[in-house]
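Reviewing the structure listed below.
2 protein chains.
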Amino acid sequence: MNSADSRIDFATRSSIEQVEEGNELAPKFDEHGLIACVTTSAASGEVLMLGYMNAEALRRTIATSEAHYFSRSRQVLWHKGATSGLVQKVVELRIDDDQDAVWLRVEIPGDASCHVGYRSCFYRSVPVGPGEFKRVLKFEESEKTFDPLKVYGDAPNPTQL
Amino acid sequence: MNSADSRIDFATRSSIEQVEEGNELAPKFDEHGLIACVTTSAASGEVLMLGYMNAEALRRTIATSEAHYFSRSRQVLWHKGATSGLVQKVVELRIDDDQDAVWLRVEIPGDASCHVGYRSCFYRSVPVGPGEFKRVLKFEESEKTFDPLKVYGDAPNPTQL
Chain B
0 MNSADSRIDF ATRSSIEQVE EGNELAPKFD EHGLIACVTT SAASGEVLML GYMNAEALRR
60 TIATSEAHYF SRSRQVLWHK GATSGLVQKV VELRIDDDQD AVWLRVEIPG DASCHVGYRS
120 CFYRSVPVGP GEFKRVLKFE ESEKTFDPLK VYGDAPNPTQ L
Chain Z
0 MNSADSRIDF ATRSSIEQVE EGNELAPKFD EHGLIACVTT SAASGEVLML GYMNAEALRR
60 TIATSEAHYF SRSRQVLWHK GATSGLVQKV VELRIDDDQD AVWLRVEIPG DASCHVGYRS
120 CFYRSVPVGP GEFKRVLKFE ESEKTFDPLK VYGDAPNPTQ L
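Heads up: the sequence lines are chains B and Z, in that order. Under numbering that gives the first Met the number 0, the first residue of the first sequence is numbered 0, with each subsequent residue one higher. Under numbering that gives the first Met the number 0, the first residue of the second sequence is numbered 0, with each subsequent residue one higher.
Below, the structure is given as C-alpha cells:
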C-alpha cells in the first residue's frame, strides 16, 4: 500500500442532517474503533460474511477497491484473501443512514469466502415459527467450495468460543 | 407474546467443531449481550439494515417469525414495525460459522425499512478506487418510499452523533 491510502478524509460528525441527508463521509466507529461491515456477493446477492473495519481498513478499502477488515480475534488489519487468495474486489461500497455500518458488494474468485470452506459464512439456517424449544440447524450448502486445510494450512482457526 | 417465546434453547458453546460444523444453536453475544444482525429483502436481495439483537430479541424472532432487535440508542427490545407498521416477516434466519452474526431474509409491506424514509438504510454509496482524498457520497435511491414524519410523528430520531 502507498501512503495515499491513509489520506482518505472522514468528516467530523456535526448534525443528524449532515450524517443522514448529506453527501459527506462521516463514519461512526464504536468504542473499540470499529464499524460493522456486511459483505455480499455481487454475482448472487448472497450475504457472505459480517466483519468489522477500523478506520485504516475502511480507508484502504476505499483507496484500493479491495476489502480490508480488522480481525477482532487476531487484533490486526486484515487484507482479506492475503492468505487464501480469495481477495474481495469491491464493486460497490455503501454506508447506512447514521453511518455506523458499511455494505460491500464484492467479486471473489469462485465466489467462496468462508474460512470453514463454504461459499458463505451463513451456511446454516435456524427454523423459525412454531416448533420445539430446541431448534436444529439445517445446512443450506450441501458441500464445501474449497478445502480449508489446503488453503489455510495450519493457520490458527479464527473462531473463538 | 406468550411465555413460550423465552424458552427457545441456546446450547452452551463447548468446541469449535460444535459451533462451526454442528447443528446446535449456540449463539455468541458480545460484552453488551448483543449479536449483530444483517437484514435483507427476500424480494430484492438488497441489504436493508444492520441491527443488533439481545438474547430475548433473538428468541422472539425465532419463536414469532417477526424480526425483533435491541435498540442500542433507546436500550430497549424493539419489535420492528410496532410504530411504523413496517413489520418484518422472517422468511429465513441464518447464523454464521462462529455463530456471532445472524442474517434475516424478510418480507415487509412496501419493502421499506429505513427510518429516514428510504427503502434501504444503505441509500448512499462511497466511490472506491483512485480519486480524491475527500469522497462525495452518491444517493442511490432517487426518492423516499414513505414520509417519516407521517409514519413516526414526533418520535425521537434514533441516530446518535
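Every residue, glycine too, gets a C-beta built ideally from N, C-alpha and C.
Residue i classed as buried or exposed, judged by whether at least 16 other C-beta atoms fall within 10 angstroms
i, result
"residue 3/B", "With a pLDDT of only 48 at residue 3/B, under 50, the local geometry of the prediction cannot be trusted, and the value read off the model is given with reservation. The residue is exposed, with fewer than 16 neighbouring Cβ atoms inside 10 Å."
"residue 22/B", "exposed"
"residue 153/B", "exposed"
"residue 160/Z", "exposed"
"residue 47/B", "buried"
"residue 79/B", "buried"
"residue 135/B", "exposed"
"residue 40/Z", "buried"
"residue 60/B", "buried"
"residue 81/Z", "exposed"
"residue 148/B", "exposed"
"residue 108/Z", "exposed"
"residue 19/B", "buried"
Nearest-angstrom Cβ-Cβ length linking residue i and residue j, presumed shorter than 8 Å
i, j, result
"residue 119/Z", "residue 45/Z", "5 Å"
"residue 10/Z", "residue 24/Z", "6 Å"
"residue 93/B", "residue 121/Z", "4 Å"
"residue 106/B", "residue 42/B", "7 Å"
"residue 133/Z", "residue 8/B", "4 Å"
"residue 37/Z", "residue 37/B", "4 Å"
"residue 66/B", "residue 85/B", "Actually they do not touch by this definition, with Cβ atoms about 10 Å apart."
"residue 150/B", "residue 64/B", "At roughly 23 Å, the Cβ-Cβ gap does not stay under 8 Å, so residue 150/B and residue 64/B are not in contact."
"residue 35/B", "residue 35/Z", "6 Å"
Three-state secondary structure (DSSP) of residue i
i, result
"residue 136/B", "coil"
"residue 58/B", "helix"
"residue 160/B", "coil"
"residue 142/Z", "coil"
"residue 148/B", "helix"
"residue 50/Z", "strand"
"residue 6/Z", "helix"
"residue 16/Z", "helix"
"residue 38/B", "strand"
"residue 0/B", "Caution is warranted here: a pLDDT of 48 is assigned to residue 0/B, below 50, making its placement in the model unreliable, and no coordinate value can be reported."
From the options, residue whose alpha carbon lies closest to that of residue i
i, options, result
"residue 58/Z", "156/Z, 39/Z, 115/Z, 6/Z", "6/Z"
"residue 52/B", "102/B, 8/B, 137/B", "102/B"
"residue 30/B", "99/B, 137/B, 113/B, 126/B", "99/B"
"residue 158/B", "143/B, 127/B, 147/B, 114/B", "114/B"
"residue 145/Z", "62/Z, 116/Z, 71/Z, 131/Z", "116/Z"
"residue 74/Z", "131/Z, 97/Z, 111/Z, 50/Z", "50/Z"
"residue 155/B", "70/B, 85/B, 110/B", "70/B"
"residue 28/B", "87/B, 97/B, 16/B, 88/B", "97/B"
"residue 130/Z", "129/B, 62/B, 141/B, 14/B", "62/B"
"residue 139/B", "87/Z, 76/Z, 68/Z, 91/Z", "91/Z"
TODO: Note down, in chain order, all residues in the stretch 109-122 of chain Z with a beta-carbon under 9 Å from any beta-carbon belonging to chain B.
DONE: Along the stretch 109-122 of chain Z, going in chain order, the ones with a CB nearer than 9 Å to a CB of chain B are 113, 114, 115, 117, 119, 120, 121, 122.
- [ ] Identify each residue in the stretch 131-154 of chain B for which the Cβ-Cβ distance to at least one residue of chain Z is less than 9 Å, and report them in chain order.
- [x] Hits within the stretch, in order: 131, 132, 133, 134, 135, 136, 137, 138, 139.
Task: Positions along the stretch 81-105 of chain Z whose CB lies within less than 7 Å of some CB in chain B - done: Those would be 89, 91, 92, 93, 94, 95, 96, 97, 100, 102, in chain order.
- [ ] Check distances from the C-beta atoms of the stretch 24-44 of chain B to those of chain Z and list, in chain order, the residues that come in under 7 Å.
- [x] Residues passing the 7 Å Cβ filter: 24, 35, 37, 39, 44.
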